[in-house]
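Undergrad: Please find one structure pasted underneath; my questions will follow.
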Amino acid sequence: MELGSRSKFALCAGGIFVCYFYYGILQERITRGDYDHERFSYSMALVFSQCLVNYVYAVIMSKTILSQGVDTTKTSYYVMCALSYLVAMVASNKALMWVNYPTQVIGKSCKPIPVMILGVLLGKKSYPLLKYFFVLMIVAGVALFMYKDKAHSQAGEPGLGLGEMMLLLSLSCDGITGAIQERMKSEHQTKSGHMMKAMNLWSMMFLGISLAVTGEGVEFCGFVSRHPGVIWQILTFCIASAFGQFFIFMCVSEFGPLPCSIVTTTRKFFTVLASVIFFGNSLITRQWLGVVFVFAGLFLDGVYGKKKVT
């Protein structure tokens, strides 16, 4: 019995909400948790685990459900894309050592900005005026959220700390990844399954070398042996990520990117609320105003900002 259109959309939306809601809670619990006065600081190992599960999932899906033909995409594109993709992920996870989860979500919501800038500078694209206005709304919202009052500055807290620098690095790499993916799609019509499998494979290779050279792999194994309870958290975190990607791909293929972007934007807003409720990350009135600006800009951009792109 096939699901109806509304039922299938409800399944996709519900899957995205549940998977990434749980993903966000686990990410903050892992990276900001207290393990007998120890902190989890193994961002590369965490991303390696995530890429491993994503790769296994992509292979299984390609052998069973997704049959997308032969992949003709240049290996060099996958290598560059995987490198920028994993740097963005590692920097994003690393940022949680210095900033709370709402700050990370709001910061990462700026992703349309570097994508648009690089699209104009490198891709020779032009965008409708409305898109610039919506992106300006996002910038204003992030500025309101991130701004530190003078009282905080006098207390010795820098205006732009390591957490914010990590988010800037992550956003820059997101922009590079987006630009490379656009070329992959335009030149080779790269399918989502091929992209997911190849990017995660190359990311694992890069991360495996980095873990061996830096010694973080050995340190991570030592941490896990001292705190075996974290294994279940990491495993469920990775599974939530893989299933979340599955529902996103299903939503895009069945209903297009617009409904998917609306669902994911709404999900991010509720993730911020969950972080405030479950982890006590209180926000002041100015920051809530910034949250409203950011998600209003994202929502309107999803609905009206993608028209007449050339």
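Reading the sequence shown from the start, the letters are residues 871 to 1180 in my numbering. Built from N, CA and C at the ideal position, the CB exists for glycine as well. Predicted model, so just to flag it, every value in this text is computed and none were measured.
Decide yes or no for the touch test of the segment 1032-1043 against the segment 954-961: beta carbon pairs closer than 8 angstroms, at least 3 of them.
TA: In short, these stretches touch, since the Cβ pair count reaches three.
Undergrad: Reducing DSSP to helix, strand and coil, say where L1000 ends up.
TA: Reduced to three states, the DSSP call for L1000 is helix.
Undergrad: Determine, using beta carbons only, whether Y925 and M1074 come nearer to each other than 8 angstroms.
TA: Going by C-beta atoms, Y925 is nearer than 8 angstroms to M1074.
Undergrad: What did DSSP end up calling Q1059 once you bin it into helix, strand or coil?
TA: Correct three-state label for Q1059: coil.
Undergrad: Starting from the N-terminal side, write out each stretch of the alpha helix (DSSP H) that is 4 residues or longer and does not extend beyond the segment 1082-1125.
TA: The qualifying runs are 1086-1096 and 1099-1125.
Undergrad: With DSSP collapsed to three states, give me the class of K1138.
TA: Helix.
Undergrad: Determine the burial state of E898: buried for a count of at least 16 other Cβ atoms within 10 Å of its Cβ, exposed for fewer.
TA: Label assigned to E898: buried.
Undergrad: On a Cα-Cα basis, can you pick out the residue from K878, F918 and F879 that is closest to C1091?
TA: The shortest C-alpha separation from C1091 is found at F918.
Undergrad: Say yes only if the C-beta of N924 is nearer than 7 angstroms to one or more non-hydrogen atoms of the ligand HEM, and no if none qualify.
TA: The ligand content of the structure shown is nil, which means the ligand HEM is not present either.
Undergrad: I need the boundaries of the alpha helix (DSSP H) containing I976, first residue and last residue.
TA: I976 -> alpha helix (DSSP H) spans Y971 to K978.
Undergrad: Apply the 10 Å Cβ neighbour rule to F1107 and answer buried if 16 or more other Cβ atoms are within range, or exposed otherwise.
TA: Result: buried.
Undergrad: Skipping 5 residues on each side, what residues in its chain have a beta carbon closer than 6 angstroms to that of D1171?
TA: Cβ within range, chain order: F1004.
Undergrad: Which same chain residues end up closer than 7 angstroms to G903 when comparing Cβ atoms and leaving out the 5 residues on each side of it in sequence?
TA: Counting only Cβ-Cβ distances below 7 angstroms, and skipping sequence neighbours, we find F910.
Undergrad: Report all residues from its chain with a CB closer than 7 angstroms to the CB of L1077; omit the five preceding and five following residues, and keep chain order.
TA: Within the same chain, L1077 has close Cβ partners M914, V917, F918, C921 and L956.
Undergrad: What is the rounded straight-line gap between the Cα of I1046 and the Cα of E1034?
TA: So the two alpha carbons sit approximately 19 angstroms from each other.
Undergrad: Within the continuous alpha helix (DSSP H) that includes I935, where are the two ends?
TA: Counting along the chain, I935 falls outside any alpha helix (DSSP H), and DSSP gives it neither H nor E.
Undergrad: Nearest CA to the CA of G885: which residue from F1117, I930, F1148 and T1141?
TA: When each option's Cα is compared against that of G885, the closest is F1117.
Undergrad: Among K1061, R1156 and N1070, whose alpha-carbon lies nearest the alpha-carbon of V940?
TA: When only C-alpha atoms are compared, the closest one is K1061.
Undergrad: Report the rounded CA-to-CA distance for A1112 versus K981, giving the unit in angstroms.
TA: Taking the straight line from one Cα to the other gives about 21 angstroms.
Undergrad: Could you give the distance in angstroms between the alpha-carbon of V1179 and the alpha-carbon of L1000?
TA: Model confidence at V1179 stands at a pLDDT of 47, short of 50, so the residue's coordinates are unreliable and nothing is read from them.
Undergrad: Name the residue from L1153, A1110 and T942 whose alpha carbon lies nearest to the alpha carbon of C889.
TA: Measuring from the Cα of C889, the nearest candidate turns out to be A1110.
Undergrad: Take the Cβ of V1161 as the centre, count every other Cβ of all protein chains shown within 10 Å, and call the residue buried at 16 or more, exposed below.
TA: Result: buried.
Undergrad: What did DSSP end up calling H1064 once you bin it into helix, strand or coil?
TA: Looking at H1064 - three-state DSSP - the assignment turns out to be helix.
Undergrad: Between V990, G1031 and P984, which lies nearest to I1008 when the distance is taken from Cα to Cα?
TA: Residue P984 is the option with its Cα nearest to I1008.
Undergrad: Please work out which residues of its chain come closer than 7 angstroms, Cβ to Cβ, to T901, disregarding the five sequence neighbours upstream and downstream, and give them in chain order.
TA: Excluding positions up to five away in sequence, the list reads F910, N963, L966 and M967.
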